[in-house]
Each structure stands twice: as structure tokens, then as C-alpha cells.
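> Numbered per my numbering, the sequence shown spans residues 1 to 210. C-beta: ideal position from N, C-alpha, C; glycine also. Bear in mind the structure is a predicted one, so any value in this text is a computation, not a measurement. The structure under discussion is supplied below as C-alpha cells; questions concerning it will follow.
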Amino acid sequence: MITPDSALFDGGRRLPLVEDFYTIQGEGFHAGKPAYFIRLGGCDVGCRWCDAKYTWNPKLYPPVDVETIIERAAACPAQAIVITGGEPLLYPLGVLTETLRGRGLQLFLETSGTHPFSGVFDWVCLSPKRQQPPLEEAFARADELKVIVESEEDFAWAESNAARVRSGCMLYLQPEWSVAGRVMPAIVEYAKAHPRWNISIQTHKYMHIP
Ligand code: SF4
Numbered sequence: 001m002i003t004p005d006s007a008l009f010d011g012g013r014r015l016p017l018v019e020d021f022y023t024i025q026g027e028g029f030h031a032g033k034p035a036y037f038i039r040l041g042g043c044d045v046g047c048r049w050c051d052a053k054y055t056w057n058p059k060l061y062p063p064v065d066v067e068t069i070i071e072r073a074a075a076c077p078a079q080a081i082v083i084t085g086g087e088p089l090l091y092p093l094g095v096l097t098e099t100l101r102g103r104g105l106q107l108f109l110e111t112s113g114t115h116p117f118s119g120v121f122d123w124v125c126l127s128p129k130r131q132q133p134p135l136e137e138a139f140a141r142a143d144e145l146k147v148i149v150e151s152e153e154d155f156a157w158a159e160s161n162a163a164r165v166r167s168g169c170m171l172y173l174q175p176e177w178s179v180a181g182r183v184m185p186a187i188v189e190y191a192k193a194h195p196r197w198n199i200s201i202q203t204h205k206y207m208h209i210p
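If you want it as C-alpha cells, here you go:
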């Protein structure tokens with residue numbers, strides 16, 4: 001296991017980059033917004049349905065100088081940067097995020113909340129997972145709670161997480177992609193009956209973009 005304070009990452013001046021690319025955010029509050037994605041390697045949460053399993057082993061992604069990542073992101077017309085993974089909070093994100101913000105860019109984080117926070121963000125999307133629940137600080141930092149729903153049993157899990165976020169946090173139910181057709185009618189009815197919840201769809205999969 002590579003620890004976040006590993007000398008490999010030099011306090012966040014190097015990070016295990018999987019890929020970085022310009023696309024459209026497909027999910028959640030910022031769905032439809034052009035954004036530059038920076039995907040970091042490493043995740044120990046182990047979701048069965050994860051669509052980024054290739055990111056799990058950070059040893060496959062040698063640390064890259066953050067200046068290289070920053071220059072590529074800053075050269076892109078995107079106004080927003082999505083830091084995702086894997087689980088990006090495995091690493092110190094201060095250097096990356098503070099420098100990008102200094103360039104006038106908005107910083108969005110996608111996280112399971114299972115590791116301590118670092119870095120500065122304009123928007124935090126917390127997606128909690130049953131097998132490794134978020135740290136308490138993640139609930140306090142979340143601007144958006146995005147719960148993946150595989151079955152109707154997940155509504156109670158969604159509510160238990162919603163009870164822990166601050167008021168004003170946006171609430172989203174998102175069907176797990178492989179069962180979306182089956183579970184969507186129940187999600188629709190649940191959101192209609194509990195209208196503080198919104199529905200998030202993985203629209204990038206319909207657009208055939210990453
Ligand atoms: Fe995949 Fe995210 Fe689950 Fe990690 S937390 S296994 S990256 S879905």
C-alpha cells in the first residue's frame with residue numbers, strides 16, 4: 001500500500017496520474033458542464049460495480065510532476081477542473097488545487113470521503129459507499145451527496161447519509177448503471193415522494209464520452 005505521505009509524492013508535488021482529459025461532466029449537480037478531468041490512481045474502497053477498476057492499483061501509475069498536469073489543464077478552455085479517481089484524497093492535493101485556483105479555475109472534487117481532506121475546492125461531491133463509509137469531516141465538506149442506488153434497500157442508506165450532511169447540501173440518487181433500467185421506476189417514485197432528493201443520471205454514457 002502506498003501511503004498518502006509517501007516520499008513518492010513529495011507533499012503533493014507529484015501525483016499518480018491515470019489520465020487527464022477535457023469532456024463534459026455527466027453526473028450530479030454540474031452535469032452538462034464542460035470540465036477538465038484529472039483522474040488519480042489508487043482506491044481501496046472496492047465497489048463491485050466500479051467503472052474505473054483500472055485505477056485501483058496506484059503502482060500502475062508512476063507519480064507525475066503536478067506542474068505538468070497544471071500546464072495541460074491551464075492550456076485547456078475549461079473553466080472547471082474535476083479531480084477524481086480512484087480516490088483522490090489518498091494524496092495531498094494542496095499544491096495541485098491551490099495552483100489551479102490561482103490560475104482562475106474552479107475546482108470540483110469527486111470523493112468517497114474515506115480519507116482525510118486536503119486541497120481547496122469550490123464544490124465537493126461526496127459519494128458514500130457502504131463497505132467503507134466516509135469520515136465525519138466528509139459530510140461537513142459535502143456540497144453534494146450522490147448515493148448510488150442498486151435496489152430499494154439503498155433508500156434507507158441514502159437517508160442515513162443525508163442525515164449527516166449540512167443543510168443546503170444537494171441530494172442526488174443515481175442508479176447503478178448496470179441495473180438502471182430495473183431500479184429507475186423506484187427511484188422516480190422515491191424522489192417524487194421525498195422531493196428534497198434529485199435524480200442524477202450518468203449522461204456521459206449516453207453522449208458516448210468519458
Ligand atoms: Fe470505484 Fe469510486 Fe468505489 Fe473507488 S470509491 S471502487 S473509484 S466507485
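Do R39 and V66 come within 8 Å of each other at the CB atom, strictly closer than that value?
In this structure, R39 does not lie closer than 8 Å to V66 by Cβ.
> Rounded to whole angstroms, what is the Cα-Cα separation between F21 and A75?
One C-alpha to the other measures close to 12 Å.
> Considering only residues of the same chain and omitting the five flanking positions on each side of M170, which have a CB-CB separation below 6 Å?
So the qualifying residues of the chain are F29, E144.
> Report the residue ranges of all beta strand (DSSP E) runs contained in full by the segment 97–122; include only those spanning at least 3 residues, in chain order.
Listed in chain order, the complete beta strand (DSSP E) runs (minimum 3 residues) inside the segment 97–122 are 106–111.
> So what does D20 bridge to, in DSSP terms?
DSSP output for D20 lists I38 as bridge partner(s).
> Under 8 Å Cβ to Cβ from P62, same chain only, skipping five residues before and after it: list those, please.
Hits under 8 Å: P16.
> Classify V124: buried if its beta carbon has 16 or more other beta carbons within 10 angstroms, exposed otherwise.
Answer is buried; the Cβ neighbour count reaches 16.
> Confirm, please, whether the CB-CB distance from E27 to K129 is below 8 Å.
In this structure, E27 does not lie closer than 8 Å to K129 by Cβ.
> Measuring only the C-alpha atoms, how far is F37 from Q79?
Their Cα atoms are separated by approximately 11 Å.
> The ligand SF4 and P129: does the residue's C-beta get closer than 7 Å to at least one heavy atom of that ligand?
Inspection of the sequence shows that residue 129 is occupied by Lys rather than by Pro. K129: yes, Cβ under 7 Å from the ligand SF4.
> What is the rounded straight-line gap between the Cα of Y190 and the Cα of E159?
The alpha-carbon atoms of Y190 and E159 are separated by roughly 11 Å.
> Of all the options E87, L93, R72, L105, which has the alpha carbon lying nearest to the alpha carbon of C43?
The candidate whose alpha carbon is nearest that of C43 is E87.
> Hey, how far is the Cα of T114 from the Cα of P134?
Spanning the two alpha carbons is a distance of roughly 5 Å.
> Buried or exposed for L60, going by 16 or more other Cβ atoms inside 10 Å?
The residue is exposed, with fewer than 16 neighbouring Cβ atoms inside 10 Å.
> Mapping DSSP to helix, strand and coil, what is R13?
Coil.
> Between L105 and D154, what straight-line distance do the alpha-carbon atoms span, to the nearest angstrom?
Cα to Cα, L105 sits roughly 35 Å from D154.
> On a Cα-Cα basis, can you pick out the residue from E152, V149, F108, I148 that is closest to R141?
The candidate whose alpha carbon is nearest that of R141 is F108.
> Is the Cβ-Cβ distance between I70 and T99 less than 8 Å?
Their beta carbons are under 8 Å apart, which means I70 touches T99 by this criterion.
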